[in-house]
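Q: Sharing a structure, written as structure tokens. Questions coming.
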Amino acid sequence: MSSHILPKRVYYTIFAILLFCTYLTVQIAFLDLGVLNTVAALAIATFKATIVVLFFMHVKYSTRLTWAVVLGSVFWLGILLALTLSDYLTRVWRTYG
Amino acid sequence: MSPEVAHAEAHHPALAHHFDSLEQQSEATTLGMWVFLVTEVLFFGGLFATYMIYRNWYPDAFAAASHELDVTLGTVNTVVLITSSLTMALAVHAAQLGQRKLLMTFLILTMILGAVFLGIKSVEYYHKFVEHHIPGPGFQFEKEYVRHAQLFFSLYFVMTGLHALHMIIGIGIMLVMLWWSWNGTITEEYSSPIEISGLYWHFVDIVWIFLFPLLYLIGRHAH
């Protein structure tokens with residue numbers, strides 16, 4: 006039925022990359038990189054999530070409408086986080102005014 | 043020939059009347075599942091936003107509280123969940139090829155891995171209970187962080203608890219899928235129930251992919 010049947014090796018490759026990224030993120034967490042610890046952790050997590058979405062969830066091979074919905078979720082999540090931060094991160098500014 | 047028979051021969055039994063073809067129906071179900079997942083992204087997004095604000099306000103307390111979590115169990119559980127995503131992907135693959143026995147095997151493996159994840163999670167919860175790290179009157183922690191560490195543990199229990207609830211629902215969905223695979227509802231032509239169940243399972247995996255570093259790994263280097 007489904008138009009795109011991926012070869013099994015794609016799944017095994019993604020699985021191996023996910024395991025390696027898990028190893029990497031744990032190792033990096035034990036180094037003291039200051040702010041970069043959080044940046045690295047989130048960058049690795051975002052990368053892992055992206056390959057899960059593209060390959061395990063077949064979005065790479067889905068219709069444009071599906072792409073729009075998937076990107077929409079990221080966009081609205083971005084609004085939620087960015088507008089929330091724009092409030093909380095700027096509250097301290099009052100002390101300079 | 044009666045009208046019913048003519049009707050039954052006209053299209054696949056799984057094809058609903060308002061769709062032209064199984065192909066179109068499958069695209070619609072995939073899209074519908076993704077729209078549901080968007081609401082899930084924003085549902086968990088609210089919790090992630092809460093986490094972000096409190097961690098920003100009390101970074102030291104959050105780092106100290108995070109240090110109390112068992113990073114080994116957390117890592118093992120991450121591996122278990124990623125492996126369950128692989129078995130789920132392989133289940134979808136088997137469904138698409140109409141390999142019924144393989145499909146059922148991978149569904150069962152996915153459920154077992156999901157149960158292992160929940161088992162390890164409950165061991166962790168038990169440890170937190172013994173260590174008095176459940177927020178409330180009995181909460182015990184280093185004196186300077188005792189108030190704000192409770193915020194961390196409240197978020198820890200709510201976020202991992204809701205994630206675990208999604209896992210339990212996921213295992214329930216897999217049981218239905220196993221039943222449908224066994225009784226022949228799922229065929230090579232009609233595999234979309236397995237595919238969209240897979241989307242749900244992978245989504246739950248993605249939530250954990252973010253929960254793991256944010257809860258277990260922050261401040262790991264500082265103590």
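Sequences listed follow chains A and B, in order. Here the numbering used here is used: position 71 in the first sequence is 76, and no number is missing along the way. Here the numbering used here is used: position 26 in the second sequence is 68, and no number is missing along the way. Every residue, glycine too, gets a C-beta built ideally from N, C-alpha and C.
#1: CA-CA distance, residue 18 (chain A) and residue 135 (chain B)?
#2: In this structure, how does DSSP classify residue 7 (chain A) when only helix, strand and coil are distinguished?
#3: Would you tell me roughly how many angstroms separate the C-alpha atoms of residue 201 (chain B) and residue 246 (chain B), rounded to the nearest one?
#4: Cα separation between residue 175 (chain B) and residue 58 (chain A)?
#5: For residue 55 (chain B), does the three-state DSSP call read helix, strand or coil?
#6: I need the straight-line Cα distance from residue 62 (chain A) to residue 82 (chain A), nearest angstrom please.
#7: How far does the alpha helix (DSSP H) with residue 92 (chain A) in it reach, from first residue to last?
#8: Alpha carbon to alpha carbon, how far is residue 262 (chain B) from residue 80 (chain B)? Give it in angstroms, no decimals.
#9: Given this structure, state the Cα-to-Cα distance separating residue 249 (chain B) from residue 86 (chain B), to the nearest angstrom.
#10: To which residues of the same chain is residue 167 (chain B) closer than 7 angstroms at the C-beta, ignoring the five residues directly before and after it?
#11: Secondary structure at residue 262 (chain B), three-state DSSP: helix, strand or coil?
#12: Between the Cα of residue 199 (chain B) and those of B:58, B:258, B:57, spot the shortest distance and give me the residue it belongs to.
#13: Can you find a CB in chain A that lies within less than 8 angstroms of the CB of residue 127 (chain B)?
#14: Go ahead and label residue 20 (chain A) buried or exposed: buried means 16 or more other beta carbons lie within 10 angstroms of its beta carbon, across all protein chains shown.
#15: Whole angstroms are fine: how far does the CA of residue 119 (chain B) sit from the CA of residue 251 (chain B)?
#16: Assign residue 54 (chain B) to one of two classes, buried (16 or more other C-beta atoms within 10 Å of its C-beta) or exposed (fewer than that).
#17: May I ask you to report which of helix, strand or coil DSSP gives residue 232 (chain B)?
#18: Residue 67 (chain B): buried (16+ other C-beta within 10 angstroms of its C-beta) or exposed?
#19: Can you tell me whether residue 114 (chain B) is helix, strand or coil according to DSSP?
#20: Beta-carbon of residue 76 (chain B) versus every beta-carbon of chain A: anything under 8 angstroms?
#21: Applying the 10 Å Cβ sphere with the 16-neighbour rule, what's the burial state of residue 6 (chain A)?
#22: How is residue 178 (chain B) classed by DSSP in three states: helix, strand or coil?
A: Put simply:
#1: Looking up residue 18 (chain A) in the first sequence gives position 13. Looking up residue 135 (chain B) in the second sequence gives position 93. Taking the straight line from one Cα to the other gives about 15 angstroms.
#2: Here the question's residue 7 (chain A) lines up with position 2 in the first sequence. At residue 7 (chain A) the pLDDT is 46, less than 50, meaning the model places this residue with poor confidence; the figure from the coordinates comes in the next sentence. Coil.
#3: Residue numbering aside, residue 201 (chain B) sits at position 159 when the second sequence is read from its first letter. Residue numbering aside, residue 246 (chain B) sits at position 204 when the second sequence is read from its first letter. Going from the Cα of residue 201 (chain B) to the Cα of residue 246 (chain B) covers about 12 angstroms.
#4: The count along the second sequence starts at 1 and reaches residue 175 (chain B) at position 133. The count along the first sequence starts at 1 and reaches residue 58 (chain A) at position 53. Their Cα atoms are separated by approximately 35 angstroms.
#5: For the purposes of this step, residue 55 (chain B) is taken as the residue at position 13 of the second sequence. Coil.
#6: Here residue 62 (chain A) refers to the residue found at position 57 when the first sequence is read from its first residue. Here residue 82 (chain A) refers to the residue found at position 77 when the first sequence is read from its first residue. For residue 62 (chain A) and residue 82 (chain A), the distance between alpha carbons rounds to 19 angstroms.
#7: Indexing the first sequence from 1 puts residue 92 (chain A) at position 87. Taken as a continuous stretch (DSSP letters only), the alpha helix (DSSP H) holding residue 92 (chain A) covers 69–93.
#8: If you number the second sequence from 1, residue 80 (chain B) lands on position 38. If you number the second sequence from 1, residue 262 (chain B) lands on position 220. One alpha carbon belongs to residue 80 (chain B), the other to residue 262 (chain B), and they sit about 32 angstroms apart.
#9: Position 207 of the second sequence, counted from the start, is the residue given in the question as residue 249 (chain B). Position 44 of the second sequence, counted from the start, is the residue given in the question as residue 86 (chain B). Distance between residue 249 (chain B) and residue 86 (chain B), taken at the CA atoms: about 8 angstroms.
#10: Numbered from its first residue, the second sequence carries residue 167 (chain B) at position 125. Within the same chain, residue 167 (chain B) has no close Cβ partners at all.
#11: Position 220 of the second sequence holds residue 262 (chain B). It is coil, neither helix nor strand.
#12: For the purposes of this step, residue 199 (chain B) is identified with residue 157 of the second sequence, where counting begins at 1. When only C-alpha atoms are compared, the closest one is B:258.
#13: Locating residue 127 (chain B) in the second sequence gives position 85, where the first residue counts as 1. Yes, because at least one Cβ of chain A sits closer than 8 angstroms to the Cβ of residue 127 (chain B).
#14: On the first sequence, position 15 is the one that residue 20 (chain A) refers to. Answer is buried; the Cβ neighbour count reaches 16.
#15: Taking the second sequence and counting its residues from 1, the one referred to as residue 251 (chain B) is at position 209. Taking the second sequence and counting its residues from 1, the one referred to as residue 119 (chain B) is at position 77. Computed Cα separation, rounded: 11 angstroms.
#16: Taking the second sequence and counting its residues from 1, the one referred to as residue 54 (chain B) is at position 12. Classification for residue 54 (chain B): exposed.
#17: On the second sequence, position 190 is the one that residue 232 (chain B) refers to. Note: residue 232 (chain B) maps to coil in three-state DSSP.
#18: Reading the second sequence from its first residue, position 25 is the one you call residue 67 (chain B). In this structure residue 67 (chain B) is buried. Its beta-carbon is surrounded by 16 or more other beta-carbon atoms within 10 angstroms.
#19: Here residue 114 (chain B) refers to the residue found at position 72 when the second sequence is read from its first residue. Three-state DSSP puts residue 114 (chain B) in a helix.
#20: The residue labelled residue 76 (chain B) in the question sits at position 34 within the second sequence. Yes, contact with chain A.
#21: Residue mapping note: residue 6 (chain A) aligns to position 1 of the first sequence, counting from 1. At residue 6 (chain A), the pLDDT of 39 sits below 50, so the modelled position is not reliable; the number obtained from the coordinates is stated separately. By the neighbour-count definition (other C-beta atoms within 10 Å, threshold 16), residue 6 (chain A) is a buried residue.
#22: The residue you call residue 178 (chain B) lines up with position 136 of the second sequence. DSSP places residue 178 (chain B) in coil when its eight states are reduced to three.
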